[in-house]
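Here's the structure, in structure tokens; my notes come after.
Number of protein chains: 2
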Amino acid sequence: MKMHNFCAGPSILPKVVTEQLARSVVDHEGMGLSLLELSHRSDTFVKIISEAKSLLLELMGLDAEEYETLYLTGGASTQFYQVPFNLLNEGQTAAYLDTGRWSAKAIKEAKHFGNVAIVGSAANSGYDHIPKADFSRLEEPPAYLHITTNNTVSGSQIHEQISAPCPIVADMSSDILSKPMGDLSGHGLIYAGAQKNIGPAGTTIVIVKKSLLGKVDRAIPTMIDYRTHVKNLMFNTPPVISIYGCLLTLRWVKEQGLEQIQKNNAAKAALLYEEIDRNPLFRALVKEGSRSLMNVTFDLVEGYADRSESFLQLAAEAGCMALAGHRSVGGFRASLYNALPLESVAALVEVMQAFTAKHG
Amino acid sequence: MKMHNFCAGPSILPKVVTEQLARSVVDHEGMGLSLLELSHRSDTFVKIISEAKSLLLELMGLDAEEYETLYLTGGASTQFYQVPFNLLNEGQTAAYLDTGRWSAKAIKEAKHFGNVAIVGSAANSGYDHIPKADFSRLEEPPAYLHITTNNTVSGSQIHEQISAPCPIVADMSSDILSKPMGDLSGHGLIYAGAQKNIGPAGTTIVIVKKSLLGKVDRAIPTMIDYRTHVKNLMFNTPPVISIYGCLLTLRWVKEQGLEQIQKNNAAKAALLYEEIDRNPLFRALVKEGSRSLMNVTFDLVEGYADRSESFLQLAAEAGCMALAGHRSVGGFRASLYNALPLESVAALVEVMQAFTAKHG
Chain C
0 MKMHNFCAGP SILPKVVTEQ LARSVVDHEG MGLSLLELSH RSDTFVKIIS EAKSLLLELM
60 GLDAEEYETL YLTGGASTQF YQVPFNLLNE GQTAAYLDTG RWSAKAIKEA KHFGNVAIVG
120 SAANSGYDHI PKADFSRLEE PPAYLHITTN NTVSGSQIHE QISAPCPIVA DMSSDILSKP
180 MGDLSGHGLI YAGAQKNIGP AGTTIVIVKK SLLGKVDRAI PTMIDYRTHV KNLMFNTPPV
240 ISIYGCLLTL RWVKEQGLEQ IQKNNAAKAA LLYEEIDRNP LFRALVKEGS RSLMNVTFDL
300 VEGYADRSES FLQLAAEAGC MALAGHRSVG GFRASLYNAL PLESVAALVE VMQAFTAKHG
Chain Z
0 MKMHNFCAGP SILPKVVTEQ LARSVVDHEG MGLSLLELSH RSDTFVKIIS EAKSLLLELM
60 GLDAEEYETL YLTGGASTQF YQVPFNLLNE GQTAAYLDTG RWSAKAIKEA KHFGNVAIVG
120 SAANSGYDHI PKADFSRLEE PPAYLHITTN NTVSGSQIHE QISAPCPIVA DMSSDILSKP
180 MGDLSGHGLI YAGAQKNIGP AGTTIVIVKK SLLGKVDRAI PTMIDYRTHV KNLMFNTPPV
240 ISIYGCLLTL RWVKEQGLEQ IQKNNAAKAA LLYEEIDRNP LFRALVKEGS RSLMNVTFDL
300 VEGYADRSES FLQLAAEAGC MALAGHRSVG GFRASLYNAL PLESVAALVE VMQAFTAKHG
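Chains as they are written, first to last, in numbering that gives the first Met the number 0: chain C, 0 to 359; chain Z, 0 to 359.
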């Protein structure tokens, strides 16, 4: 049976990526050695990480003079404290836009280091929309504004460019490179766990404006200091296989082109949201205008809540997997990352129609 | 040509491991999906990480009631600050045995958090031996004693059990599971980058005595707090592929048996050190009694220094790769991790003899 993988992350990867990765795990480019057995200081891997760095910057449309790309580890969850450790002085204020579960986690960690001003929050309405950022109560510009561009759990996404009186720090874990990235010049730092649109789990991308670093008073342990990784191509052994997976995925992204990827993603999301809005048994969880193109959250309408399992069962029989909503939200979630084909969404829509024909 | 991989890490892995990994990267156990595309919360991966945790503890001979195994990221370099962040109060003293480059790095990071007492150092003699630990100058027992059991760069290894008036924290990155681990009950925390004897790069093993945690006064950011990872099987997305690689390697270790692995490692090291001591053109860099069975460091004798490149060239022609010493030491280094067969060492010895026949 053809599987339709709606996993929220780790998630579907282009087949050319997994196939090339598998070949390299056995014998990398005919060297007679697995990529896993090579020194990270070998010419082979130095070329891989160097290309992964420059290609990411190119696809983001950022300038290598101003910005540095890092392949770190520890996930976005590590960035929640690494960002304020490096960018927020004690006594200083950072602004946070509270758009979902991950924003809230970032806010919690920032409080270890300085003051946090919540300049907008959708917490009271179950994160069903993107709130406006309001800086009017702040007496002076904050150290930075932290945003989460796409909210994997609740299923909302920032669609309008946010302007701020300070550098923007953006957690782009779940929508990075899902479209042309536009003007990022207001961004001081961008981070993303790789395991959605960028590659396999195991590495975290950080893109940092170099001029922002070195401005806090506290001493920073070496590994958590961004400057360590800006200065050293590899300060210590990086997650070799994950970085190679990212490089292969980035090459695939470049080959597709971000405009084409955006078109595909828009078509997939439109197909699914149209069915959700049309089908009398389903409802979307996020308001129009804030809906995510990457993670579509929906549920059965009132009175049908006890049939969730039947729906998931029917979906599974059609090869549609990983559709249960996040445990904190419930309902359903279909993640439509770059590598998911339109036919998978079509298969899901068919399942929804079959379900309604049976239960409606 | 058969390759003989003397890489210091990432390094040689058992062939059964790379072959199974490659299969899973394409299609994990016939599921029709790559292991890289599966949610870390899937039953499939929960089973993998659970077995990886319990098998490691079993091989270490430690009790699951007392100790917890964690698969973290960031390498041993992250442990250099995570250990004192969690275990060393401000004003308190931690003891460090300075046995090499990595010990020195660990010492540097600990100073961010409390006082450091160096209870023994071999820095003044180029780390050519393991110094004794002397606690007599300390007025009270330190928070912990930090040791590096094997020194990958200089090529020394602790062969005698160290006793301390406090819990031992051990960086075992380069000799963990290279032999039966003996009595580890005095250890409060053990850590190791995976990329030598445990698996591919990308994950760091931490084994922690649970009763040691929660005793420092400072607030600890969530991700760097060991308790977060003790409480949650997976707090965030872990490096899936690296952990699966560890599980496969640990299964291989169990199948071989640690006694047999120790015998093999002893035979490999003996063969190489005998040649170094016997051959008039070579000399060992570490004193007898402190020599590492994992990383054998050696050089040409005086007067032959300008022929280093010729030796490396001759070795390369015989398929013996990655023999250049660490850039801070020079000379040669042959890493003889568990997966390296005796025949590779024999091939290297042949090269040394051929070199001497030509240049001696």
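Virtual Cβ for every residue (Gly too), placed ideally from N, Cα, C.
Bear in mind that the values here come from a model prediction, so they are computed numbers and not experimental data.
Other residues of its chain near residue i: CB distance less than 6 Å, five sequence neighbours each side excluded
| i | result |
| --- | --- |
| residue 291/Z | 149, 154, 155 and 156 |
| residue 117/Z | 95 and 97 |
| residue 91/Z | 113 and 142 |
| residue 325/C | 152 |
| residue 128/C | 121, 286 and 289 |
Beta-carbon proximity check, residue i vs residue j, cutoff 8 Å
| i | j | result |
| --- | --- | --- |
| residue 311/Z | residue 299/Z | no |
| residue 59/Z | residue 183/Z | yes |
| residue 354/Z | residue 280/Z | yes |
| residue 204/C | residue 37/C | no |
| residue 63/Z | residue 49/Z | no |
| residue 85/Z | residue 303/Z | no |
| residue 218/Z | residue 111/C | yes |
| residue 196/C | residue 210/C | no |
| residue 206/C | residue 188/C | yes |
| residue 73/Z | residue 181/C | no |
Alpha carbon of residue i to alpha carbon of residue j, nearest angstrom
| i | j | result |
| --- | --- | --- |
| residue 236/C | residue 190/C | 20 Å |
| residue 274/C | residue 330/C | 16 Å |
| residue 102/C | residue 75/Z | 29 Å |
| residue 70/Z | residue 283/C | 37 Å |
| residue 173/C | residue 145/C | 15 Å |
| residue 18/C | residue 202/C | 19 Å |
| residue 83/C | residue 342/Z | 52 Å |
| residue 221/C | residue 138/C | 33 Å |
| residue 47/C | residue 230/C | 18 Å |
| residue 301/C | residue 307/C | 11 Å |
| residue 296/Z | residue 135/Z | 32 Å |
| residue 115/C | residue 15/C | 44 Å |
| residue 242/C | residue 247/Z | 21 Å |
Where residue i meets chain C, residues with beta-carbon distance less than 7 Å
| i | result |
| --- | --- |
| residue 4/Z | 32 and 36 |
| residue 176/Z | Going along chain C, no residue has its Cβ under 7 Å from residue 176/Z, so there is no contact; the nearest lies around 18 Å. |
| residue 169/Z | The contacting residues do not exist; residue 169/Z stays about 18 Å from chain C at best. |
| residue 333/Z | The contacting residues do not exist; residue 333/Z stays about 13 Å from chain C at best. |
| residue 321/Z | 38 |
| residue 358/Z | Simply none; closest approach about 27 Å. |
Where residue i meets chain Z, residues with beta-carbon distance less than 7 Å
| i | result |
| --- | --- |
| residue 74/C | 235 and 236 |
| residue 292/C | Ordered by position in chain Z, no residue passes the 7 Å Cβ test against residue 292/C, which lies about 20 Å from the chain. |
| residue 17/C | 24, 25, 33 and 35 |
| residue 111/C | 218 and 220 |
| residue 20/C | 24 |
Among the options, nearest to residue i - alpha-carbon criterion
| i | options | result |
| --- | --- | --- |
| residue 162/Z | 171/Z, 215/Z and 186/Z | 186/Z |
| residue 262/C | 340/C, 289/C and 42/C | 340/C |
| residue 179/C | 208/C, 164/C, 256/C and 138/C | 256/C |
| residue 228/Z | 208/Z, 241/Z, 342/Z and 151/Z | 208/Z |
| residue 141/C | 164/C, 147/C and 152/C | 164/C |
| residue 239/C | 114/C, 18/C and 200/C | 200/C |
| residue 305/C | 358/C, 245/C, 333/C and 222/C | 358/C |
| residue 214/Z | 251/Z, 231/Z, 276/Z and 89/Z | 89/Z |
| residue 131/C | 21/C, 45/C and 119/C | 119/C |
| residue 193/Z | 170/Z, 259/Z and 211/Z | 170/Z |
| residue 105/C | 68/C, 197/C and 168/C | 168/C |
| residue 245/C | 5/C, 39/C, 20/C and 260/C | 20/C |
| residue 252/Z | 13/Z, 5/Z, 6/Z and 309/Z | 13/Z |
| residue 6/C | 276/Z, 41/Z and 159/Z | 41/Z |
Contacts around residue i, its chain only, beta-carbon distance under 7 Å, and the 5 residues preceding and following it disregarded
| i | result |
| --- | --- |
| residue 344/C | 267, 270, 271 and 335 |
| residue 79/C | 104, 105 and 108 |
Residues near residue i in its chain [Cβ-Cβ closer than 8 Å; skip 5 each side]
| i | result |
| --- | --- |
| residue 318/C | 0, 1, 2, 3 and 346 |
| residue 314/Z | 320, 322, 347 and 350 |
| residue 27/C | 33, 34, 37 and 43 |
| residue 133/C | 118 and 119 |
| residue 216/C | 88 and 89 |
Chain Z contact residues for residue i, given Cβ-Cβ distances below 8 Å
| i | result |
| --- | --- |
| residue 80/C | 220, 221, 222 and 223 |
| residue 9/C | 35, 36, 37, 38, 39, 236 and 239 |
Listed by chain order, chain Z residues near residue i by CB distance under 9 Å
| i | result |
| --- | --- |
| residue 12/C | 33, 35 and 36 |
Within chain C, the residues that residue i reaches when beta carbons sit closer than 8 Å
| i | result |
| --- | --- |
| residue 152/Z | The contacting residues do not exist; residue 152/Z stays about 13 Å from chain C at best. |
| residue 283/Z | Ordered by position in chain C, no residue passes the 8 Å Cβ test against residue 283/Z, which lies about 23 Å from the chain. |
| residue 147/Z | In chain order: nothing, as chain C lies at least about 15 Å away. |
Proximal residues of chain C, C-beta to C-beta of residue i below 9 Å
| i | result |
| --- | --- |
| residue 295/Z | None at all; the shortest Cβ gap to chain C is about 17 Å. |
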